[in-house]
Structures are given as C-alpha cells and as structure tokens.
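Undergrad: Residue numbers (the numbering used here), protein chains in the order written: chain A, 201 to 346; chain B, 201 to 346.
In this text, a Cβ means the ideal position worked out from N, Cα and C, and glycines have one as well.
Predicted model only: the values in this text are computed from it and were never measured.
For reference, the structure I am asking about is given below.
2 protein chains.
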Amino acid sequence: MSEVFKRLERVSTGTREPLANIMDQAGWNDAGLIPAIAQQYDSGDVLMMAWMNRESLEETLATGWVCYWSRSRGKLWRKGESSGQMQILKAAHLDCDGDTLLLSVDQTGPACHTGRRSCFYVALDADGAQVDSDALIDPDQLYAPS
Amino acid sequence: MSEVFKRLERVSTGTREPLANIMDQAGWNDAGLIPAIAQQYDSGDVLMMAWMNRESLEETLATGWVCYWSRSRGKLWRKGESSGQMQILKAAHLDCDGDTLLLSVDQTGPACHTGRRSCFYVALDADGAQVDSDALIDPDQLYAPS
Chain A
201 MSEVFKRLER VSTGTREPLA NIMDQAGWND AGLIPAIAQQ YDSGDVLMMA
251 WMNRESLEET LATGWVCYWS RSRGKLWRKG ESSGQMQILK AAHLDCDGDT
301 LLLSVDQTGP ACHTGRRSCF YVALDADGAQ VDSDALIDPD QLYAPS
Chain B
201 MSEVFKRLER VSTGTREPLA NIMDQAGWND AGLIPAIAQQ YDSGDVLMMA
251 WMNRESLEET LATGWVCYWS RSRGKLWRKG ESSGQMQILK AAHLDCDGDT
301 LLLSVDQTGP ACHTGRRSCF YVALDADGAQ VDSDALIDPD QLYAPS
C-alpha cells in the first residue's frame, strides 16, 4: 500500500489531502485502471461495476458526468452518451488501500445494457442461478439509431 | 461474453440455470478471480470489495459464511476468522457478463481493517480528498492476540 493511504488509515474525519497525491498513489492496475462501483445515491441499489483510468476519474470529478474507460472499445466512455442513460455524480470515495472506487450516482433509467435497472440480476444460491429482474426498456430500443 | 450470460440477457424473471454452468462460464480473470462487492443487506451501505475464486464462492454459497480469496496471503480468507468481524451471506448476484459479484451480507462490526464500518472513507472532490468516517474500534484491538 502506498504512503498516502497508509497515513490516512489513522487520521480523523475531516483530514484533507491534495488530489494530486491521491491520483499519483492510487492503486491503478497494470493497465492503469481501477474498478468503480456505481450505487444509486437515494435507493442504495448497486447498479454496475466498470473501470476508470486517471483521465476518466479526473474528468468525472471535474464535470460531474460519470466517465469510465471502456476496456472493450479502448476509449473514454461517458455513461449514457449512446443510450441516453446517464449517470450524474453525487459523491466518490476510494477505499482504504486506494484501489477501488465507490461512486454515488443518479442514474437515468436502466444502468444495464440489457435494459434492466441494475446489472446484478443473476441471483446465486447453493443449487443454481435465477434471473430476478426484468428489463425496464427493450434493449433493442436502448441503442436504436435515432 | 460466454454463452450462458448472453442467453440470460433476454430471459424473464424466474428463469433458472444449473450452478455448474454458471461456475464454468463466469468471467474469472487470468488469476481465476472475480471481484466481489459486499453490501450491508439492510442499510445498503457498500462495505468493501475483495476477490473470490471458484472454491471460495462455492464455499460461501454452501455455508453462508462469506469466504474470499486473499491475494496477499494466497489462501482462502473466511471474513472475520482473525478479527471476529464476520460476514453472513444474505444473497449473491452475478452481473450481466458474469465477471463481478454483489454480495448482500450482514456484517458484524467494522468491515475495514482500519476499524471503520466501510472501507470507502476517502471522499474525492474536484479539489482534493477528505477522510469522512472514523473507526468504530481501535485497529490495534481488532487484531490483538487474545
């Protein structure tokens, strides 16, 4: 764990740190990415997990429009830019060792590309798995050419 | 994305799938791991993110005591086995592409090794970072020899 996160373990509420120190020492993986969990700010529903690089995190903090790094497309992904289902940032937290982000967001409509509100719809138990939510919007409509 | 998760995208609530198909086709990374988000089942607070391999997930679903894979120690990590701060599983979900887990848990005391309830206490804004929660328990007591 890097110096700044080790030091922040023992400090009290209200202690501040320059953003550059945090960005320099966050736990970016070998691809320069950190997993980011998106949680609906009022309901508490966990909506999705995606990835951010430093550029996407800095843009998100500056603009308030959540921007991820798309690993499949290899470029910045402003959530909702093609589907219209945007995420507006309410708060962002790094965890104790600086390698995971929790984003409190206001999600328009479905967060999931399947049209469901949340990506977490495959419920597991000791015997099997069961889909436990339906789409809010037909996914063919979500990405239809306008 | 693997066949089973592609197929489940378009099915309705209640559709079931054998657990073995899910385990065989989940999006384990090159190290055989999937990130697992732990959320307190009643408050909705996101507590931490850790990693699971197939063995730890199967054990967790079978026993109801959340078991992760410790990357630093290279072994199964039954949450709370050294600190006493256990996590009891209430529900588990995989996401749409089968490569992230969301665990609904009942967490005893602090989830974080710093003694805080949640690991997400480094709040970020456009100007800097600020610690926004205090420890519930002195971390020196959390892992003290009994």
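1) What residues in its chain sit with their C-beta under 7 Å from that of A/L233, if we drop five residues either side in the sequence?
2) Go through the region 205-256 of chain B residue by residue and report every complete run of the alpha helix (DSSP H) that reaches 4 residues or more, in order.
3) Anyone know if the C-beta pair for A/G328 and A/G309 falls short of 9 Å?
4) Excluding the 5 residues preceding and the 5 following B/F320 in the sequence, name in chain order all residues of the same chain whose CB lies nearer than 7 Å to its CB.
5) Report the option in B/P218, B/M248 and B/L257 whose CA atom is closest to the CA atom of A/V331.
6) Quick check on the burial criterion: 16 or more other C-beta atoms within 10 angstroms. Buried or exposed for A/G214?
7) Beta-carbon of B/Y268 versus every beta-carbon of chain A: anything under 9 Å?
8) What do you get for B/D224, buried or exposed, if any count of 16 or more other CB atoms within 10 angstroms of its CB means buried?
9) Is it true that the CB of A/L302 sits closer than 9 Å to the CB of A/A236?
10) What is the residue span of the alpha helix (DSSP H) that B/Q285 lies within?
11) Do you know whose CA, among B/R316, B/G274, B/S318 and B/L257, lies nearest A/L324's CA?
12) Output the distance between the C-alpha atoms of B/M227 and B/C267, rounded to the nearest integer angstrom.
TA: Answer, in terms of the structure:
1) What you label residue 233 of chain A is simply residue 33 of the first sequence in a count that begins at 1. Around A/L233, the same chain offers W251, M252, N253 and W269 as residues with beta carbons nearer than 7 Å, after the five sequence neighbours per side are excluded.
2) Runs found: 219-225.
3) The residue you call residue 328 of chain A lines up with position 128 of the first sequence. The residue you call residue 309 of chain A lines up with position 109 of the first sequence. Contact: no.
4) For the purposes of this step, residue 320 of chain B is identified with residue 120 of the second sequence, where counting begins at 1. Excluding its 5 nearest sequence neighbours in each direction, B/F320 has C-beta neighbours in its own chain below 7 Å: V246, listed in chain order.
5) What you label residue 331 of chain A is simply residue 131 of the first sequence in a count that begins at 1. Comparing Cα positions, the closest option is B/P218.
6) Residue mapping note: residue 214 of chain A aligns to position 14 of the first sequence, counting from 1. Per the 10 Å Cβ criterion, exposed.
7) Looking up residue 268 of chain B in the second sequence gives position 68. Chain A contact via Cβ: absent.
8) The residue you call residue 224 of chain B lines up with position 24 of the second sequence. B/D224 comes out exposed.
9) For the purposes of this step, residue 236 of chain A is identified with residue 36 of the first sequence, where counting begins at 1. For the purposes of this step, residue 302 of chain A is identified with residue 102 of the first sequence, where counting begins at 1. Yes, these two residues count as a Cβ contact at 9 Å.
10) Taking the first residue of the second sequence as position 1, residue 285 of chain B is located at position 85. Per DSSP, B/Q285 belongs to no alpha helix (DSSP H) and is neither H nor E.
11) Looking up residue 324 of chain A in the first sequence gives position 124. Residue B/L257 is the option with its Cα nearest to A/L324.
12) What you label residue 227 of chain B is simply residue 27 of the second sequence in a count that begins at 1. What you label residue 267 of chain B is simply residue 67 of the second sequence in a count that begins at 1. The sequence given here has Gly at residue 227 of chain B, not Met. Going by C-alpha positions, B/G227 is about 18 Å away from B/C267.
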